[in-house]
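4 protein chains.
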Amino acid sequence: MIKLGIIGSTGYVGAEIVRILAARKDVEITVVTSESFTGKPYSEVYPSLRGIFDKTCEEMDIDRIAHKADYFITALPHGVSAKIVNQLLSKGKRVLDHSADFRFRDVKVYEEWYKVEHPAKDLTKDAVYGLPELYRDKIKDARLVANPGCYPTCSILGIAPALSNKLVSAKGIIINAASGVSGAGRKSDLSYSFCETAENFKAYGVSSHRHTPEIEQELSQLSGEEVVISFTPHLAPMKRGMLATIYMDLNDTGLQLEEIHAVYREFYKNEPFVRILPVGKFPETKFVAGSNFVDIGISVDKRLNRLIVVSALDNLGKGSASQAIQALNIMAGIDETEGLIRPGLYI
Amino acid sequence: MIKLGIIGSTGYVGAEIVRILAARKDVEITVVTSESFTGKPYSEVYPSLRGIFDKTCEEMDIDRIAHKADYFITALPHGVSAKIVNQLLSKGKRVLDHSADFRFRDVKVYEEWYKVEHPAKDLTKDAVYGLPELYRDKIKDARLVANPGCYPTCSILGIAPALSNKLVSAKGIIINAASGVSGAGRKSDLSYSFCETAENFKAYGVSSHRHTPEIEQELSQLSGEEVVISFTPHLAPMKRGMLATIYMDLNDTGLQLEEIHAVYREFYKNEPFVRILPVGKFPETKFVAGSNFVDIGISVDKRLNRLIVVSALDNLGKGSASQAIQALNIMAGIDETEGLIRPGLYI
Amino acid sequence: MIKLGIIGSTGYVGAEIVRILAARKDVEITVVTSESFTGKPYSEVYPSLRGIFDKTCEEMDIDRIAHKADYFITALPHGVSAKIVNQLLSKGKRVLDHSADFRFRDVKVYEEWYKVEHPAKDLTKDAVYGLPELYRDKIKDARLVANPGCYPTCSILGIAPALSNKLVSAKGIIINAASGVSGAGRKSDLSYSFCETAENFKAYGVSSHRHTPEIEQELSQLSGEEVVISFTPHLAPMKRGMLATIYMDLNDTGLQLEEIHAVYREFYKNEPFVRILPVGKFPETKFVAGSNFVDIGISVDKRLNRLIVVSALDNLGKGSASQAIQALNIMAGIDETEGLIRPGLYI
Amino acid sequence: MIKLGIIGSTGYVGAEIVRILAARKDVEITVVTSESFTGKPYSEVYPSLRGIFDKTCEEMDIDRIAHKADYFITALPHGVSAKIVNQLLSKGKRVLDHSADFRFRDVKVYEEWYKVEHPAKDLTKDAVYGLPELYRDKIKDARLVANPGCYPTCSILGIAPALSNKLVSAKGIIINAASGVSGAGRKSDLSYSFCETAENFKAYGVSSHRHTPEIEQELSQLSGEEVVISFTPHLAPMKRGMLATIYMDLNDTGLQLEEIHAVYREFYKNEPFVRILPVGKFPETKFVAGSNFVDIGISVDKRLNRLIVVSALDNLGKGSASQAIQALNIMAGIDETEGLIRPGLYI
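Residue numbers (numbering that gives the first Met the number 0), protein chains in the order written: chain P, 0 to 346; chain U, 0 to 346; chain X, 0 to 346; chain H, 0 to 346.
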């Protein structure tokens, strides 16, 4: 039995983790903490869980709760998270962290983009970037896994086969992405109110979004050279779902779509959650909403010798909550797909 | 292993059944038929199922496919369905029918409201109305289960405790309900196009919706007298979900909300999928979307001595697909809740 | 030239008033106040108005701004509003108030339902309920018009012809209504965030919504007896629009739908903004969204001898902002329809 | 009085034209044709127009109707449109055509992308591309105006200042755009049904959308060299609105954002419908929905020496219907902004 605690559990990521694990018999969520809802049953916060997960939310007092679980998922704001993670690790717990605090190999990059001093610099070297498709082996034994951001997961998985196989130039990559509103988290914020969001589409964080350096770090790693990208996120009027449209310059003018497609299929042939769509098909967020899948379609614009990749996932699924569960499965040494081979909702 | 065939499988009800059963190891969907998509993989029709359920859609040739399964779920238009059901039954199969063809004890009522001659009158006496909360025992051994309509399920379960306990008058019951758009099925119809439906709310079938006599039949059964109701369905701009607001006149002026609430809790105390909310709480469709639950809240308007019940379910869940699976579990003699204790999506 | 000031102008009602008046050459909005946005251009708050209405939001300092206009529209919370209205009236201004403060003839009813002491009791006798279809003559000369609530406007106009002509019983009227989210105003409130509201439908304020006594006051006036109603509002996942489904018991069993329809047409024959739909047609919110129209459809359920009326309006249109402009036109002695015969948006 | 006929009037573009012109006293819509709704009042097709525009839809019999108007707007499928336009022109009428038939200078490009033989090649040389910001003078006297596509309008206006001033390279321009669903027109098509569209985001027409050559034609004209672009449209779950995010390589590494911003402001300083947002602000579709405005925001990514432009319009506004009215005003020699300085809806 995997004993799991969730710290900062009442945000949307926490709720999705609880939802997904509710059907598992081999994982027990033994403790959930919440600053806003301490003392309230979790199912009062999310009534969809009434009768299914009624555990009471506890205070985030690590000394008092750490003994209840062996694994902890932390879903806290950056800056805050590192301190709690530190406490948990020092008590011998294994931690999956949802914040940005441990995603960066270079603390300076983190500090520059997040405008804070890193509160636990020493720990970053122990952290594994929790993308199983790239770091499965390291995740297995990690005591600290930094769960990737949703945009980075969507982007990196769409780019990795082409870039690591040197099919495309590492220069000039453009990632144009759109996310559902749940990516902003559960909060009272006019910008994310129904009337300001429905029937609206906008770009945000143009040339300045914090997921940029995270994507660059991993692409640089894959290509062996320093990669600088253009990344523009957009907000779409839907609850869940993320789609990235990625533009890359092909190195070789003779490359055919089918060849590149074969490279993508080969790259992910053993990956249970990456689906390369047939030539001519492109993903839609409804194919993956509510699931741990990432769907990828590719196209070649021969007129410009450009590779265009479209990748889609659920920002609350492979983009955060279920990706964390995938990593948890790996850490716990059980079948990585346990409880996760569930189709999305479509309707 | 339960072997199941789905006839008319590519509508939304069929897709939801496939989605829910995808995680089950004790049920195998051995055959899916589709008029529009014969020869195509199911996962091409619903790409969310790629890699999960890729079986090819077959023609609806009962002679050729009947041997593949012991249980069949039929999701066909009324009138058409009865003939196919007849064929399946004559081959000894057990059938769960989603059409209206076998929901009525009195064939004349069916013929009056559906404006067709019933194509298999003799079978109606064998059919069991598939609402487990009322007919669990009969479903167990039935060879033909008529899966209830979504509005009837939502309404009857909201009214049953009060009416069968004579707390309210059988006269003058008003059911005002709203449904998500998936209730209209998967079809190319301008009325259900995005631009005609989004940001819009409307009543339809005012005083004439075909679910009226189905509700009346069951309420009459419960009360022992002939019940005539007002039922007004509405279309809400959402994919899933149904909510009924029900007005009933209390028989006794002294009855307190808490007493009625206790009656409701008692009535459903052994029901795994009916959740009576605490006094003062009312259901929302997001509490139940994607699940087999029906949530019920009650209120007493003392000024008018009226009981107001609000009940909510997912029209594709307890309103059709997962309710059919619940009945299938009962028919197959396994745990009724198998694969169904899953929370809704909330977000 | 009508000189108009808007107090509390940056909520959705204010924004809609500005939007509608932007095209008028005979009305000048000379001052807009805003607590949250003092010193900012209005078009920074609502960038849709950039280049069209860029006036700077001022502080709500009545002494300093009163001289700028002859008419004032106040869009402030109840309780707060009355004091400001009092100041404006004492300076000889004519006021259209959007709060509930002056809608009640009986201050006690107001105090009971709104749980506050009325801050300007003496003024209530001077206030006219701003529903032109019922009080056009009084509005003309009023110095204080209390703009009706959205639900009351939708309900009263749907009921008035039947009730005032004694076609229906004053007892047992049920109003089941749904509103778009903009009815809740512009605010940072988790309950109205996109992720909590989209794909969701719920009842709220069951048996306790504050628009109940307002509707009852006017229906009592129309019928000459004390009317007590059941009113249940619902929240639909759309920005604008309101639809009420109203159930009334017919007094006379012989009444035909066509006769009642004729009564409705006659009642509103001179009304420019009430459209009685042909027999068999029912309104949808998209017919009226963005306009000052209220559309009404009627049905008779012969089995129950019940009249069912469906009425629809835009909660920001005839339900508040454009209704206020209609009243303003009347007060100013100009054509009541000036600037208001504009179709809704449909798409 | 401008007498206007609308051919193929019951699509969404036609409906929007009728809606906008409903308030005009100087334009009379004298005839509307519709294949599907011949003989029906227009307000039965769009009940929002009841009492405002009730004219009966006529057959598209040009001989019989041509005399009724001096100007005609045609909203017909490509291929079909050219023939009707030909007939109208031969009767001396002035025509605004919404199809792609007359947008191309080079008939071969049209035939290659639209896969049809052009039915009226001779007329193309008379046609003026109806983008007032670029071709105002030619529109004035044109007898045939080809109304631009929505994506081209949004893209070209976003690119023109930079490209024509040689600030950016003509090579490698990428346009990533999203549209609301009304862009697909009013039709019964499963792909645009509510349940397939809501809560979904997808790319479509990747590397193959027919608006590509239209954009390239105009950009080539502006730059004086042959421009080849990457253009990827997306479908967002909203009714109206379009937003393009455009990536261009700056020619000069020293250029500051403020300098480029000044170039944009200068370029459009006399344009009533192009709003260059302040530095740091970016457009959202809700700023322009329901209006004839296009809003443009710009950013410089210094790390990559790239200009990123975000432009937004209403696909039914500046993207089609109201842009046609702007051109009509120009053709008729009246104030170009007549009836069009109306803010969008925002909420």
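All C-beta atoms in this analysis are idealised placements derived from N, C-alpha and C, irrespective of residue type, glycine included.
For glutamate 198 of chain X, at least one C-beta of chain H is nearer than 8 Å to its own C-beta. Assignment of methionine 241 of chain U by DSSP, reduced to helix, strand and coil, places it in the strand class. Selection X:Leu122, X:Ala21 and X:Gly289 evaluated against tyrosine 41 of chain X yields X:Ala21 as nearest (Cα-Cα). Beta-carbon to beta-carbon, aspartate 313 of chain H and glycine 332 of chain H are separated by about 26 Å, too far to satisfy the 8 Å threshold. The segment 174 to 184 of chain U and the segment 320 to 335 of chain U do not touch, with fewer than three beta-carbon pairs separated by less than 8 Å. The three-state secondary structure of valine 17 of chain H, taken from DSSP, is helix. Proximity of chain X to leucine 189 of chain P at the Cβ level (cut-off 8 Å) is accounted for by Arg185, Lys186 and Ser187, in chain order.
Contact annotation: tyrosine 150 of chain P and proline 232 of chain P have beta-carbon atoms nearer than 8 Å.
In the structure shown, the three-state DSSP call for lysine 201 of chain P is strand. Assignment of asparagine 85 of chain U by DSSP, reduced to helix, strand and coil, places it in the helix class. Put simply, the segment 107 to 115 of chain H does not touch the segment 47 to 61 of chain H. Fewer than three CB pairs are less than 8 Å apart. Every beta strand (DSSP E) of 3 residues or more that sits fully in the segment 229 to 308 of chain P is shown, in chain order, as 229 to 234, 241 to 248, 273 to 275 and 293 to 300. The three-state secondary structure of valine 144 of chain P, taken from DSSP, is strand. Taking all protein chains in view, the Cβ of serine 89 of chain U is surrounded by fewer than 16 other Cβ atoms within 10 Å, so the residue is classified as exposed.
When H:Ala202, H:Ala197, H:Phe230 and H:Ala141 are compared, the shortest CA-CA separation from glutamate 213 of chain H is found for H:Phe230. Residue contact with chain H for serine 290 of chain P: absent (no Cβ-Cβ distance below 8 Å to any residue of chain H). One alpha carbon belongs to glycine 91 of chain P, the other to isoleucine 64 of chain P, and they sit about 13 Å apart. Lysine 2 of chain P carries a strand assignment under DSSP once its states are collapsed to helix, strand and coil. Shown here, valine 31 of chain U sits in a strand according to DSSP, grouped into three states. The residue from P:Lys2, P:Tyr191, P:Val287 and P:Ile158 with its alpha-carbon nearest to that of isoleucine 228 of chain P is P:Ile158. Under the Cβ criterion of 8 Å, tyrosine 41 of chain U is not counted among the residues facing chain H. Proximity to glutamate 34 of chain H across H:Gly7, H:Phe101 and H:Arg104 peaks at H:Gly7, based on C-alpha coordinates. Valine 299 of chain H does not reach chain U, its nearest Cβ partner there being about 36 Å away, counting only Cβ pairs nearer than 9 Å. Between isoleucine 346 of chain U and threonine 244 of chain U, the C-beta gap is not smaller than 8 Å, which leaves the two residues out of contact. In the displayed model, aspartate 69 of chain X falls within coil according to three-state DSSP, outside both helix and strand.
Between the alpha carbons of leucine 218 of chain U and leucine 276 of chain U lies a gap of roughly 22 Å.
Burial check for serine 207 of chain P: the Cβ neighbour count within 10 Å stays below 16, so the residue is exposed. Less than 8 Å divides the Cβ of leucine 249 of chain X from the Cβ of valine 167 of chain X. Flagged as an interface residue toward chain H: cysteine 194 of chain U, by a C-beta distance shorter than 8 Å. When DSSP states are grouped into helix, strand and coil, serine 154 of chain U belongs to the helix group.
With a threshold of 8 Å between beta carbons, leucine 315 of chain U makes contact with chain P. Using a Cβ-Cβ cut-off of 8 Å, leucine 48 of chain H counts as an interface residue toward chain X, since at least one Cβ of chain X sits closer than that to its own. In the structure shown, leucine 95 of chain X falls within a strand segment according to DSSP collapsed to helix, strand and coil.
With a threshold of 16 other beta carbon atoms within 10 Å, aspartate 125 of chain U falls short and is exposed. At the C-beta level, leucine 221 of chain P and serine 163 of chain P come within 8 Å of one another.
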